[in-house]
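Here's the structure, in structure tokens; my notes come after.
2 protein chains.
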Amino acid sequence: MSDEYESLKLKNQLCFPLYACSKEIVRRYKPFLDEVDLTYTQYIAMMVLWEKGELNVKELGECLFLDSGTLTPLLKKLEKKGFLERKRSEKDERNLRVLITKEGEELKKKAVCIPEQMGKCIQLETEEAMQLYQLLYKILGQLEQ
Amino acid sequence: MSDEYESLKLKNQLCFPLYACSKEIVRRYKPFLDEVDLTYTQYIAMMVLWEKGELNVKELGECLFLDSGTLTPLLKKLEKKGFLERKRSEKDERNLRVLITKEGEELKKKAVCIPEQMGKCIQLETEEAMQLYQLLYKILGQLEQ
DNA sequence: ACTTATTAAATTGTACGCAATTCAATAGCA
DNA sequence: TGCTATTGAATTGCGTACAATTTAATAAGT
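These protein sequence lines are chains A and B, in that order. Here the first sequence stands for residues 308 to 452, numbered as in the working numbering. Here the second sequence stands for residues 308 to 452, numbered as in the working numbering.
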């Protein structure tokens, strides 16, 4: 007999393994991130700063798919740790500029070993990793509009 | 010039699109889940209950990759909504049995349209969806040990 | 039987994550 | 120039997540 509720079974969901995988991987990051005194969300925020050096909260939010409700307290914590500075733009005081500090730059040297160490936890063929990467960005692209 | 910090760029991460994708999809679920008065986490908990009818907190946690710190308050909320009952096992009082109620069963009828509606948000070929599904469970399997 | 170890939930504390609202600054327009 | 609309952050409130600890119940070993 076919089950009319088959579509509600956990094993038939695509979102659930996405959700679980994301959580479990972030959990695996923790011991490595503890070494540099960052949470995962703080880490990806620092990644953007390491690359751009300076940007405002809105831009950062667009990079990370996060809003000010998440970023405001997070950036205050990173400022307290000395990794960045927050100052209002003089041209437009609505914009809050986020600037990396010398300590923030220094941290990059300690963090650079993290991607390699995490790579060992996820054993995918290059081909598989690329497939996964592309599928995820395909979905993200569709969700953007 | 090669950038020695290339591995720290957001665009070279595999975990980040996983994290972002998971969050964005869960966000897309919200309007549909509002209709049945569930959050995403409550929804996947109900999925397990719809299938099994009854199980204890530990088993549920293993299905969902969640611990009692998350599940205890969540199950209390679902109990308050009338979708399930929580009672200690008589055989072993350490175990808390979670039992679906008649209202919980009823809810399944309202929820059955959700997977289809969400499917429209994610436009993947069958082939792609299967690839993604398998890659995610491959990673989850590796993270289990 | 008594002691110790293990187990299952609950609790505590910290950090997101997001919808909704508020507030201040600027842009647009009559 | 005023008035209104929009914009960017901050705030508020609620619901997870999870590490670490606590508590109560049972299992295991002597």
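Every residue, glycine too, gets a C-beta built ideally from N, C-alpha and C.
Cutoff 8 Å: residue i Cβ touching any chain A Cβ
i	result
Pro338 of chain B	no
Leu325 of chain B	yes
Leu345 of chain B	no
Val333 of chain B	yes
Leu391 of chain B	no
Lys398 of chain B	no
Integer Cβ distance of residue i from residue j, believed to fall under 8 Å
i	j	result
Leu345 of chain B	Met354 of chain B	At roughly 10 Å, the Cβ-Cβ gap does not stay under 8 Å, so Leu345 of chain B and Met354 of chain B are not in contact.
Leu321 of chain A	Tyr350 of chain B	Not quite, the Cβ-Cβ distance comes to about 14 Å (not below 8 Å), so this is no contact.
Asn363 of chain A	Asn402 of chain A	5 Å
Arg335 of chain A	Leu450 of chain B	7 Å
Ser314 of chain A	Val419 of chain B	7 Å
Leu356 of chain B	Val405 of chain B	7 Å
Leu381 of chain B	Thr348 of chain B	6 Å
Phe339 of chain A	Met425 of chain A	7 Å
Ile421 of chain A	Ile429 of chain B	Contact doesn't hold; Cβ gap of about 30 Å is too wide.
Leu378 of chain A	Leu367 of chain A	6 Å
Glu435 of chain B	Leu442 of chain A	6 Å
Leu317 of chain A	Cys370 of chain B	7 Å
Glu361 of chain A	Ile407 of chain A	7 Å
Buried versus exposed, by CB contacts within 10 Å (16 or more), residue i
i	result
Lys394 of chain B	exposed
Gly448 of chain A	exposed
Lys409 of chain B	exposed
Lys417 of chain B	exposed
Lys415 of chain B	buried
Gly389 of chain B	exposed
Ser329 of chain B	buried
Gly411 of chain A	buried
8 Å Cβ cutoff, residue i in contact with chain B
i	result
Lys394 of chain A	no
Unbroken stretches of the alpha helix (DSSP H), 4 residues or longer, contained in the region 354 to 405 of chain A: 364 to 371 and 375 to 387
Chain A contacts made by the region 421 to 437 of chain B, where a contact means CB separation under 9 Å: Ile421, Pro422, Glu423, Met425, Gly426, Cys428, Ile429, Gln430, Leu431, Glu435 and Ala436
Using a beta-carbon distance cut-off of less than 8 Å, what residues from the region 349 to 366 of chain A approach chain B? Ile351, Met354, Val355, Trp357 and Glu358
Within 7 Å of chain A by C-beta, residues of the region 404 to 418 of chain B in sequence order: Lys415 and Ala418
Output needed in chain order: residues of the region 440 to 451 of chain B with a Cβ under 8 Å from some Cβ in chain A. Tyr440, Leu442, Leu443, Tyr444, Lys445, Ile446, Leu447, Gln449 and Leu450
Could you run through the region 372 to 388 of chain A and flag, in chain order, every residue whose CB is less than 7 Å away from some CB of chain B? Phe372
Run through the region 319 to 353 of chain B for me and flag every whole alpha helix (DSSP H) of 4 or more residues, listed as ranges in chain order. 322 to 342
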